[in-house]
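In our numbering, the protein residues as written are 7 to 159.
Note sheet for the following structure.
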C-alpha cells in the first residue's frame with residue numbers, strides 16, 4: 007500500500023534494485039540497501055522506487071524495503087531484466103539458471119532507471135539478498151574505494 011505522503015513526494019532519480027531468496031528477513035534487505043545508499047553518496051529522498059524480478063512480487067522483504075524508503079515497489083519480468091545483461095557489472099550464469107536473467111538487483115535497477123542510466127553501486131550482497139543502485143550518470147558520487155557489504159551470520 008502506498009501512503010499519501012509517498013504519492014505527494016516527487017520521485018528521486020535513483021532506482022534501488024533488490025534481489026533476495028524467498029523468506030529473507032526484511033531487516034537484512036533494508037540494512038543492505040542502506041549500505042548501498044551510503045556507497046552511492048545518496049539518501050532516502052534520492053530513491054524513486056525499488057525494483058525487482060516479478061517472481062518476487064509477493065516477497066514481504068521487498069515490500070518492507072519499499073515502505074522503509076517511502077516509495078513504491080515495481081517488478082519486471084525476466085526477459086525485461088535480461089535485456090539489460092550487456093550493462094551488468096556482475097552477470098551470473100547461476101542466477102540465469104534460476105531466474106532466466108543474468109542479474110536481478112543490477113538488472114532491475116538499470117531497467118527501472120532507464121536506458122541511459124548507469125550503475126552507481128554495482129551489486130552488493132549479504133547472506134540472502136542483493137542490492138544495486140542505478141541512476142543518471144551525473145548523479146555518480148566522487149570516486150571512492152568500493153567495499154563489499156556482508157551481513158553477519
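All C-beta atoms, glycine included, are put in the ideal place defined by N, C-alpha and C.
Just so we're clear, the structure is a prediction, and the values are computed from it rather than from any experiment.
- In the structure shown, the three-state DSSP call for residue 43 is helix.
- About 6 Å separates the CB atoms of residue 140 and residue 126; that is less than 8 Å, so the two are in contact.
- In the three-state reduction of the DSSP assignment, residue 62 falls in the helix class, which pools H, G and I.
- Spanning the alpha carbons of residue 29 and residue 67 requires a straight line of approximately 8 Å.
- In this structure, the beta-carbon distance from residue 74 to residue 94 does not fall below 8 Å.
- Leaving aside the five residues that flank residue 63 on each side, the residues in its chain whose CB is nearer than 6 Å to its CB run, in chain order, 81.
- Annotation for residue 30: no beta strand (DSSP E) segment contains it, and DSSP assigns it neither H nor E.
- Taking residue 130 as reference, the option from 118, 44, 18 with the minimal CA-CA separation is 44.
- Here residue 101 carries a helix assignment [DSSP, helix/strand/coil].
- Shortest Cα-Cα distance from residue 21 to any of 34, 102, 50, 31 involves 50.
- Annotation for residue 99: no residue places its beta carbon closer than 6 Å to its own, counting only its chain and skipping 5 residues before and after.
- For residue 88, the enclosing alpha helix (DSSP H) starts and ends at 84-88.
- The criterion of a C-beta distance shorter than 8 Å is not satisfied by residue 57 and residue 124.
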